[in-house]
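One structure below.
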Amino acid sequence: MRDLSSGESRCFTVSESWTQMREQGAALPSALDSLAKQCLRDVMMRSVASISEQEIRSIHARLYSVWGSNTADHAIRALRSAIEYGKHATPKPVIKRAPGDIQRQAKYRVRADRKKVLLKVPTVGEVFEEYLSVRNLQWNTAKNYRYNFQAYLADWMMRPIDSFRKAEVMEKHRTITRTHGPSVANTTLRIFRALCNYAMAVCEDDGGEPMLRKNPATVLKEARIWNPDPIRTRQLQISQMREWFSAVRSLPNPTSCDFLTFLLFTGCRQTEASNLKWADVSLEDGFVLFRRTKNGHPHKLPVSSQVLGLLRRRREMYGGFYVFAQSSNPYKPYNYKHSTTKRIEEICGILISPHDLRRGYAGLCFMLRMDTLLISRLLNHSPFRGGVTGRYISRSLDPFRPEIQKVGDIIEGLISGQKILFEGGKLDHIKLIGVDENAE
């Protein structure tokens, strides 16, 4: 096909071919809209003439191994349709440039102030990929963003970012709420709102005017139709500790048992524990250093004698690269599965997830009358910076080692069958007493 502006021949990309097919109302296979970003991401910006039959077969084999035969067959049929259309379609007329004009091929140009000047309106998918590349997101956050977009907004990925109306956003929110639940709908549309905010900030036309002047997702706040976000409060209760821990000890995988024990005694996040390396553990000084954290700040945590005993035992028995490694490969971090949680529930009837242990640890610290700011620091929540003065304050938790040891002693007593006796409500006046077997 021929580019009318320059007299030179060029071919549609797969993405352009599919977009023009849709605009002209062609009979389209439904697969590509939902699978483009998931299965065919690598070829969407390729020229249709550059994709050979041998490469199509190679793509089919790769998709077959990952997605299965049905998905692979549908995706390849959709790809063939787009390629066939792109080879024979007539391009839209393009306004000729003046002879002295520079034919700019780049999608963006960068000014001296580092703002990106838009030469054409980007699609949602393009803004999404750039947003992930410039934002310093945690790996798990980026993974969840990508999953939500591919699963629930796949039909929006090829549309221009400025083509959405408020009513359309409201309808999408209602649809996802009805089919996948209120929390999923809120999360997905918040990501879309962030993309629109990013496009409003950095995407300009040649005259320096923003290409997107209004964020259509703000209607969800203006109309007050965000779904209520339920606050999760489930945690391991004091009365459940002994029975739950007994079920954990009966698990056939010793790494699962040690992993959950570590979470119980430290209150750390699941990902922090699974990515903990022996190089970041000091058995002599009694602390662990979590590097892969949710807020991006390394977290140096003193640990109790109970945790040190667990770590020494694992060091002698397993070694390896990670503290909690896969049994099949000591150089890969342990991957906790939900089936383990269900297995424990089947044994003792108590449903507790790894994050519920974190809430339980915080609740026990609060019961011991610890300061709320100290609890926040133990859990590595985002710190209160306190302005300039906050930079001078030491954030080391080493002075609070006695409090951490007290929590460890309380947990050890509870899982061994002791009970808590309160005297005056202060930390020093909370004692453990043995269970009277003749009671009741």
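Taken in order, the sequence shown gives residues -12 to 427; the numbers are from this note's numbering.
For every residue, glycine included, the Cβ atom is placed at its ideal position computed from N, Cα and C.
Beta-carbon separation (whole angstroms), residue i vs residue j, contact threshold 8 Å
{"i": "Thr327", "j": "Leu297", "result": "At roughly 18 Å, the Cβ-Cβ gap does not stay under 8 Å, so Thr327 and Leu297 are not in contact."}
{"i": "Val1", "j": "Ala69", "result": "5 Å"}
{"i": "Val310", "j": "Arg301", "result": "6 Å"}
{"i": "Phe277", "j": "Leu263", "result": "6 Å"}
{"i": "Met157", "j": "Val189", "result": "Their Cβ separation, rounded to whole angstroms, is 26 Å, which puts Met157 and Val189 out of contact at 8 Å."}
{"i": "Leu238", "j": "Arg330", "result": "7 Å"}
C-beta contact flag for residue i and residue j at 8 Å
{"i": "Leu351", "j": "Ile397", "result": "yes"}
{"i": "Leu294", "j": "Gly395", "result": "One detail in the question is off: residue 294 reads as Val in this sequence, not Leu. Their beta carbons are under 8 Å apart, which means Val294 touches Gly395 by this criterion."}
{"i": "Ile323", "j": "Ser363", "result": "Residue identity check: residue 323 is Tyr in the sequence provided, not Ile. The answer is no: Cβ separation not under 8 Å."}
{"i": "Arg180", "j": "Ala204", "result": "yes"}
{"i": "His286", "j": "Ile212", "result": "no"}
{"i": "Gln392", "j": "Ser292", "result": "yes"}
{"i": "Tyr348", "j": "Gly273", "result": "no"}
{"i": "Thr174", "j": "Asn135", "result": "yes"}
{"i": "Val114", "j": "Ile148", "result": "yes"}
{"i": "Asp216", "j": "Ser269", "result": "no"}
{"i": "Cys335", "j": "Glu271", "result": "no"}
{"i": "Tyr118", "j": "Tyr185", "result": "yes"}
{"i": "Met144", "j": "Thr110", "result": "yes"}
{"i": "Val121", "j": "Met198", "result": "no"}
{"i": "Thr280", "j": "Asn367", "result": "yes"}
Spatial distance of residue i from residue j (CA atoms)
{"i": "Thr164", "j": "His61", "result": "27 Å"}
{"i": "Thr6", "j": "Ser52", "result": "28 Å"}
{"i": "Pro317", "j": "His325", "result": "21 Å"}
{"i": "Glu332", "j": "Leu338", "result": "5 Å"}
{"i": "Asn214", "j": "Leu182", "result": "20 Å"}
{"i": "Ala266", "j": "Asn282", "result": "21 Å"}
{"i": "Leu19", "j": "Glu209", "result": "With a pLDDT of 48 at Leu19, under the threshold of 50, the modelled position of that residue is not reliable, and no figure is offered here."}
{"i": "His342", "j": "Ala36", "result": "51 Å"}
{"i": "Ser17", "j": "Leu66", "result": "For Ser17, the predicted structure reports a pLDDT of 48, less than 50, and the residue's modelled location is therefore unreliable. The matter cannot be settled from this model."}
{"i": "Gln405", "j": "Gln224", "result": "14 Å"}
{"i": "His47", "j": "Gly112", "result": "23 Å"}
{"i": "Gln257", "j": "Leu250", "result": "7 Å"}
{"i": "Met304", "j": "Glu191", "result": "60 Å"}
{"i": "Glu259", "j": "Ser369", "result": "15 Å"}
{"i": "Glu3", "j": "Ile38", "result": "15 Å"}
{"i": "Gly306", "j": "Pro389", "result": "29 Å"}
{"i": "Ser243", "j": "Ser56", "result": "35 Å"}
{"i": "Glu40", "j": "Glu71", "result": "12 Å"}
{"i": "Leu360", "j": "Val290", "result": "18 Å"}
{"i": "Arg45", "j": "Ser150", "result": "Reading the sequence as shown, one finds Ser at residue 45 and not Arg. Rounded to whole angstroms, Ser45 to Ser150 spans 35 Å at the Cα level."}
{"i": "Ile407", "j": "Asp358", "result": "20 Å"}
{"i": "Leu355", "j": "Ser383", "result": "21 Å"}
{"i": "Val104", "j": "Arg200", "result": "Reliability fails at Val104, whose pLDDT of 47 lies under 50, so the model's placement of it is uncertain and the value that follows must be treated cautiously. Their Cα atoms are separated by approximately 15 Å."}
{"i": "Ile82", "j": "Arg219", "result": "For Ile82, the predicted structure reports a pLDDT of 39, less than 50, and the residue's modelled location is therefore unreliable. A value from the coordinates is still provided. Near 57 Å, if we compare the C-alpha coordinates of Arg219 and Ile82."}
{"i": "Val235", "j": "Asn123", "result": "37 Å"}
{"i": "Ser340", "j": "Lys153", "result": "38 Å"}
{"i": "Gly73", "j": "Met31", "result": "12 Å"}
{"i": "Gln222", "j": "Met228", "result": "10 Å"}
{"i": "Phe232", "j": "Phe353", "result": "21 Å"}
{"i": "Val275", "j": "Gln125", "result": "20 Å"}
{"i": "Phe(-1)", "j": "Arg146", "result": "16 Å"}
{"i": "Ala172", "j": "Gly400", "result": "43 Å"}
{"i": "Ile43", "j": "Ser34", "result": "13 Å"}
{"i": "Ser315", "j": "Phe308", "result": "13 Å"}
{"i": "Phe252", "j": "Leu27", "result": "45 Å"}
Residue i - partner residues in DSSP beta bridges
{"i": "Leu276", "result": "Lys287"}
{"i": "Ser34", "result": "Thr0"}
{"i": "Pro147", "result": "Thr110"}
{"i": "Val268", "result": "Val275"}
beta-carbon residue i near the ligand ZN non-hydrogen atom, thresh 7 Å
{"i": "Glu117", "result": "The ligand ZN is absent from the structure shown, which contains no ligand whatsoever."}
Practice prompt. At 4 residues or longer, and completely inside the segment 280 to 362: list those alpha helix (DSSP H) runs for me, N to C.
Written response: Segments of the alpha helix (DSSP H) lying fully in the segment 280 to 362: 292 to 304, 325 to 335 and 341 to 354.
Worksheet entry | Segments assigned alpha helix (DSSP H), at least 4 residues, entirely inside the segment 194 to 237 | Taking only runs of at least 4 residues, the alpha helix (DSSP H) segments lying wholly in the segment 194 to 237 are 206 to 209 and 228 to 236.
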